[in-house]
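Take a look at the structure set out below.
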Amino acid sequence: MLTILARWLIGGLIFRSLVAYWLYPGFDEAYYYLYSLHLDWSYFDHPVLVALTTGFGVWLTGAVSQFTLRIGPLLLYTASLALLYLTGARLFGRKAAQWAIAIASVIPIFTVGFGILTLPDNPLIFFWTASLYCAACEFFPLSPAPAEKVPEYRPSYRLALLGILVGLTILGKYHGFLLGFGLVVFAVTSDRHRRALFSPWTALSLALLLLTLFPLWYWNWQHDWVSFRFQLSSRFDPKTNTPPAPYNPLNAFLVFLSTIAYLFPTMGIPLCWTSFQATKRIITSQFPAAERETRDKYLLILCVSLPIALGFILLGGKTQILAGWPMPGFWGLTLILGDRAVLWEQQARRQTQRWLWGTVCFMLPIILLLMLHLNLGTLQKPSQYALFGGFIAPESDPSRELIDTKQLQRGFETNPTLQKALTEASFVATNAYYLGGFLGMALIPLKPIPIVCFSEDMRGFASWTKPEQFLGKDGLYVTLKRFHEMPELTQEFSAYFSRFEEIGTVPQMRGGAVTEVWYVYRAVEMLKAYPRSAIDVLSNN
68 MLTILARWLI
78 GGLIFRSLVA
88 YWLYPGFDEA
98 YYYLYSLHLD
108 WSYFDHPVLV
118 ALTTGFGVWL
128 TGAVSQFTLR
138 IGPLLLYTAS
148 LALLYLTGAR
158 LFGRKAAQWA
168 IAIASVIPIF
178 TVGFGILTLP
188 DNPLIFFWTA
198 SLYCAACEFF
208 PLSPAPAEKV
218 PEYRPSYRLA
228 LLGILVGLTI
238 LGKYHGFLLG
248 FGLVVFAVTS
258 DRHRRALFSP
268 WTALSLALLL
278 LTLFPLWYWN
288 WQHDWVSFRF
298 QLSSRFDPKT
308 NTPPAPYNPL
318 NAFLVFLSTI
328 AYLFPTMGIP
338 LCWTSFQATK
348 RIITSQFPAA
358 ERETRDKYLL
368 ILCVSLPIAL
378 GFILLGGKTQ
388 ILAGWPMPGF
398 WGLTLILGDR
408 AVLWEQQARR
418 QTQRWLWGTV
428 CFMLPIILLL
438 MLHLNLGTLQ
448 KPSQYALFGG
458 FIAPESDPSR
468 ELIDTKQLQR
478 GFETNPTLQK
488 ALTEASFVAT
498 NAYYLGGFLG
508 MALIPLKPIP
518 IVCFSEDMRG
528 FASWTKPEQF
538 LGKDGLYVTL
548 KRFHEMPELT
558 QEFSAYFSRF
568 EEIGTVPQMR
578 GGAVTEVWYV
588 YRAVEMLKAY
598 PRSAIDVLSN
608 N
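Each step along the sequence shown adds one to the number in my numbering, with nothing skipped, and position 315 is 382.
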């Protein structure tokens, strides 16, 4: 008979695999597929590990699809849940650990953002959790006997291992720097563990951290530190001459509310409340002496979780942030909620079980309805599968940003003109970096061909292609309807070729209705190199 842990891990993997199979790729995922075709030490907008996790399934199967792109994340998230369980069991016991993985498994943004979509968050969360487990073993060694007092802390080799794990976390996503910061804050604020700061193992840990980060700093050294310029200065420095907007607390509050929504209110509100209560008890010294060990365990989780969870929410008052940015912090806070859930279950077992399974039963029909809509257009108007005649016109539906790349591929295969033009082309160009990934997934299996981006924001394409690489060559220019309807854009690109002509379209269909249209142009003899913005020039040095 399967254990509770195995049921959650296997059941979750099956559920996420079904969603991964039916959910069309987003533009980020398709863009990271191009990472896997241009393996390097690092990349313009992210460190290296997302290229490996995205490419794993494609290299394993030899097929390019939305599912194969997600095989790595599917497996990695299962391992992350197992590590979360081990961490919870180490800190608070097996029952609390079971609650922690149950909570993490039903929170939708964790399941989708960490466990289905191929994103930098997949390796980030795996190594984040591995780091937290290593820290739990380092700072809270098991007593030789149950009745013995809390053992004295002695720094060990695990501090050196932490340097490697934190480095790998950073190679997943730059958020990992905040994990290292949180571990230092814990060592500073916990008088019992402060000796770790002065241990030779910590010096070795820092050296191993720098060594592990070699791919990141070596690539950036070669490219004038363009990744750090992009992530820091270019994200917050306006390109116009208008003064920067003042800090707005209301925007930060709205980010907080949206974060609760993404976590799902039945989970997000308890997560925030138990974390607030734990923080309050630590600050006001409400933990009795007999619970000093528990207090330090809560402190560890809060120190590595709050800087990223609370930090990005507060940052939302200054600049726009993405929904996933605060989420690694809330991932760690599930351990505190899991510990509290054990107490709630003892006091009111039936109500606590209803809280968990009620959330599951409420979310599953929503997920089913969304999946039916994404594939059949059940909420779309018009659609032959629409419920009650449909509600959302295709042009107003944000879900059409998810592209069926197999349908795009068939559009080229079944159109003799487009098929011939692709065969004769030396490259395929588009006007937005996020469209390049879709074109790569659809066309590279038909013909290994360079994908290039002609845009002010070239991202990784600036490193993958040279400005003069396609001079004198013929190519295809492919874009979406909304860009095709901008004549000034078409005229701009046509000036770079001796002949520039529309040769066909590929409609994207859903529920018998057209939801999007790709326009294909033949671009004959490139006359001059497309200019690059200052930051893209830096990334190509």
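By construction, the Cβ of each residue, glycine as well, lies at the ideal position given by its N, Cα and C atoms.
Across the set W531, V591, F521, G539, the C-alpha of F521 shows the shortest separation from the C-alpha of Y597.
Per DSSP, the unbroken alpha helix (DSSP H) holding S147 starts and ends at 138-159. For S565, the enclosing beta strand (DSSP E) starts and ends at 564-577. Residue range 580-593 is occupied by the beta strand (DSSP E) that includes W585. Of all C-beta pairs linking the segment 566-576 to the segment 516-532, fewer than three are shorter than 8 Å, placing the two stretches out of contact. Distance from the Cα of I336 is smallest, within the candidate group A169, F281, L404, for L404. Taken in chain order, the unbroken stretches of alpha helix (DSSP H) that lie wholly in the segment 469-524 and span 4 residues or more are 472-480, 483-491, 500-510. Proximity of the segment 330-344 to the segment 181-191 falls short of the contact definition, fewer than three beta-carbon pairs being nearer than 8 Å. Per DSSP, the unbroken alpha helix (DSSP H) holding V233 starts and ends at 225-239. Residue L85 holds the alpha-carbon nearest to the alpha-carbon of L439 among L85, T481, D188, T333. A residue is called buried when at least 16 other Cβ atoms come within 10 angstroms of its Cβ; G539 does not meet this threshold and is exposed. Here the segment 546-559 does not lie against the segment 526-537, with fewer than 3 beta-carbon pairs under 8 Å apart.
A distance below 8 Å between beta-carbons, with the five flanking residues on each side excluded, links Q575 to the following residues of its chain, in chain order: R467, I470, D471, Q474, L475, V581, T582, E583, V584, W585. Residue environment analysis places C428 among the exposed positions, since fewer than 16 neighbouring C-beta atoms fall within 10 angstroms of its C-beta. The C-alpha of Y500 lies about 20 Å from the C-alpha of T572.
Proximity of the segment 438-453 to the segment 474-491 falls short of the contact definition, fewer than three beta-carbon pairs being nearer than 8 Å.
Annotated as proximal: L423 and A169, with beta-carbon spacing under 8 Å. Taking one beta carbon from each stretch, the segment 346-359 and the segment 239-249 have fewer than 3 pairs nearer than 8 Å; the two do not touch. Secondary structure of V115 (DSSP, three-state): coil.
Counting the other CB atoms within 10 Å of its CB gives K364 a total of 16 or more, which places it among the buried residues.
With contacts defined as CB atoms closer than 8 Å, F123 and L158 fail to qualify as a contacting pair. With at least 16 other beta carbons inside 10 angstroms of its own, I192 counts as buried.
Contiguous alpha helix (DSSP H) elements confined to the segment 329-412 occur at 332-350, 359-382, taking only those with 4 or more residues. P218 has its alpha-carbon roughly 12 Å from the corresponding atom of R359. Taken through DSSP and simplified to helix, strand or coil, G129 comes out as coil. Residue nearest to Y88 within the set R261, Q133, A73, Q165 is Q133 (criterion: CA-CA distance). Segment contact: the segment 400-415 against the segment 148-163, three or more CB-CB distances shorter than 8 Å; contact assigned. Going by DSSP, Y544 is part of the beta strand (DSSP E) stretching over 542-547. Exposed is the label assigned to V251, since fewer than 16 other Cβ atoms lie within 10 Å of its Cβ.
Inclusion of T121 and G93 in the CB contact set at 8 Å is not warranted, their separation being larger than that value. The secondary-structure analysis by DSSP pairs Q447 across a beta bridge with I459. The continuous alpha helix (DSSP H) containing Y200 extends over residues 188-206. With respect to the 8 Å criterion, V173 and M394 are not classified as neighbours on the basis of their beta carbons. Cα atoms of F537 and W292: separation of roughly 27 Å, rounded to the nearest angstrom. Judged by beta-carbon spacing, D188 lies beyond the 8 Å limit of G384, meaning their Cβ atoms are not closer than that value.
L441 and L80 have their C-alpha atoms roughly 21 Å apart.
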